[in-house]
Amino acid sequence: MHIARTGLDAQDTRMRVISNNLANVNTTAFKKDRAAFETLAYQTVTAPGSQSTAETKYATGLNLGTGVRVQGTARIDTQGSLTQTGNSFDLALDGDGYFQIQMPGGQLGYTRAGNFNRSPEGLLVTSEGYQVQPGITVPANATSVSIGTDGTVTAQIPGQTTGSTLGQIQIASFPNPTGLQSTGDNYLRETASTCNMASAPNPFRPGAFVVSHWAEIALAAASSLLVLAALTPGEANASIFGKKKPAEDFTVVRAPMTPPPAPANGAIFQASDGYAPLYEGWRARRVGDPLTIVLVENTAASKSSSSKLDSSGQGGITPPTTGPLSLFGATDASMSGTRGFNGQGQANQANSLSGEVSVTVAAVYPNGTMLVQGQKRVTLNRGDEFVRIKGLVRSADISADNRVLSTRVADAQISYTGKGDVARAGRQGWLGRFFSVVSPF
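The numbering of the sequence shown is full-length UniProt numbering, which starts it at 1 and goes up by one.
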């Protein structure tokens with residue numbers, strides 16, 4: 001029970017991680033997390049190689065695990081897709097690295113979300129008002145601002161023939177970016193395991209470009225597969241604690257029916273009269289056609305047996321008249337016996353079933369025979385009665401009024417069953433069935 005509980009707790013944590021990924025599906029440049037698991041301590045009952053007998057050793061031993069736990073979460077820093085926004089201050093990083101942000105308290109924060117704006121003072125800031133580092137001020141009279149792939153910010157100032165360089169956005173990179181700690185609002189902070197290597201322009205890493213007018217899409221696909229991955233693994237552990245799995249749905253799924261075409265009524269054909277051929281009548285002949293089966297089932301069986309056994313026997317002894325045995329006298333001894341047995345047995349059974357059941361044609365075979373099947377259900381007085389029939393029918397045996405006798409149905413499977421109060425009253429109780437087994441006489 002304890003081991004199963006550890007698995008349930010671990011899967012609950014994993015579900016929380018995936019739920020957070022789904023919740024941030026529209027967060028700019030969001031990176032999804034994944035939960036990593038590790039086994040708990042193992043109990044060594046029998047060590048491998050220990051003596052099993054005086055001359056043999058255990059080949060594998062016996063180690064028993066004690067469960068599982070979440071080792072930690074890791075951020076997947078895979079490059080997300082880029083989407084065009086048309087805003088010159090929307091920046092995206094094509095490659096590794098992070099924008100540097102001046103956080104409250106003087107610390108540096110890092111983010112991949114480059115949806116920046118110009119503050120009333122002309123500073124390049126985030127949507128929360130935090131300044132991008134190093135600070136870049138855009139003059140109020142700048143007519144146009146462009147940002148190059150190396151992070152250089154250039155503005156066109158009235159009265160100047162060439163653009164003015166306002167500064168350069170620097171990119172920070174880390175040998176271990178997964179060591180950055182999330183602080184919320186799409187920001188990360190440096191820890192002892194990250195080791196910031198470059199807080200300067202990034203000319204030595206040509207693979208990392210600053211792309212203006214674009215934004216990075218969140219790397220967290222909101223698909224049903226993630227939801228199933230979050231819910232399914234915990235079911236095996238939850239079932240141990242008495243939680244039932246949801247019942248499987250076996251509801252028949254039917255495709256939507258194609259709208260029928262407009263009826264082409266004429267002088268002879270009328271759609272309201274059906275689609276039976278003019279000279280063939282209304283007998284069932286296609287898959288789906290209805291057919292009425294007239295139940296005429298009468299069975300009678302009688303069995304009797306008898307046996308008789310007679311046997312008799314007789315014997316006698318006459319003692320000798322001479323010799324020592326003559327002293328016992330001359331009395332004769334005689335024996336006789338008879339045995340007889342008479343046995344008789346008889347059993348009679350009769351069944352009768354009559355009525356009508358409408359069925360449908362399930363299949364039509366090349367030789368003209370048809371597989372038909374159907375059932376009739378009648379609910380009456382808190383009880384249900386079922387009449388089911390299935391079998392093969394020849395077209396020649398179907399009458400003009402689309403009926404066929406049940407005696408003409410080949411390989412017929414006919415059942416008459418019921419359920420409810422009346423059916424239960426006709427069945428022997430469990431106590432009676434018990435005594436019928438232990439005392440059948």
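Virtual Cβ for every residue (Gly too), placed ideally from N, Cα, C.
Keep in mind that this is a model prediction, so the values were computed, not measured.
Counting C-beta atoms within 10 angstroms of its own C-beta, T161 has fewer than 16 neighbours from the protein chains shown and is therefore classed as exposed. Straight-line measurement puts the Cα of N351 at about 15 Å from the Cα of K303.
For S146, the uninterrupted beta strand (DSSP E) segment begins and ends at S144 to I147. Taking S354 as the centre and dropping the five residues before and after it, the same chain places the C-beta of L295 and V296 closer than 7 Å to its C-beta, in chain order. Taking C-beta separations shorter than 7 Å and ignoring five residues to either side along the sequence, the partners of Q51 in its chain run K57, following chain order. Closest by C-alpha distance to N63, out of D310, P158 and A41, is A41. Distances from the CA of Q413 to each of I217, D185, A215 and Q375 were compared; the closest alpha carbon is that of Q375. Separation of S88 and I76 (C-alpha to C-alpha, rounded to the nearest whole angstrom) is 28 Å. Our two residues, N348 and S395, have alpha carbons roughly 37 Å apart in a direct line. Under the Cβ criterion (8 Å, minimum of three pairs), the segment 64-72 does not count as touching the segment 142-150.
Counting every other CB atom within 10 Å of its CB across the protein chains shown gives A264 a total below 16, marking it as exposed.
Residue state for S50 is assigned as coil, using DSSP reduced to three classes. In the assembly as shown, N21 is a buried residue. Its beta-carbon has 16 or more other beta-carbons within 10 Å. DSSP places N186 in the coil class of the three-state scheme, outside both helix and strand. Under DSSP, no beta-bridge partner is assigned to Y130. Shown here for P134: same chain residues with a beta carbon closer than 7 Å to its own, the five before and five after excluded, namely G167 and Q170 in chain order. Taking 9 Å as the cut-off, the Cβ atoms of S311 and R339 count as close. Counting along the chain, the unbroken alpha helix (DSSP H) around T13 starts and ends at H2 to A23. Residue pairing by DSSP places S354 opposite V296 in a beta bridge. Contact check for V361 and V409: beta-carbon distance about 13 Å, past the 8 Å limit, so the pair fails to qualify. In the DSSP assignment, V68 is bridged to T39. Residue environment for K419: exposed (fewer than 16 other C-beta atoms within 10 angstroms of its C-beta).
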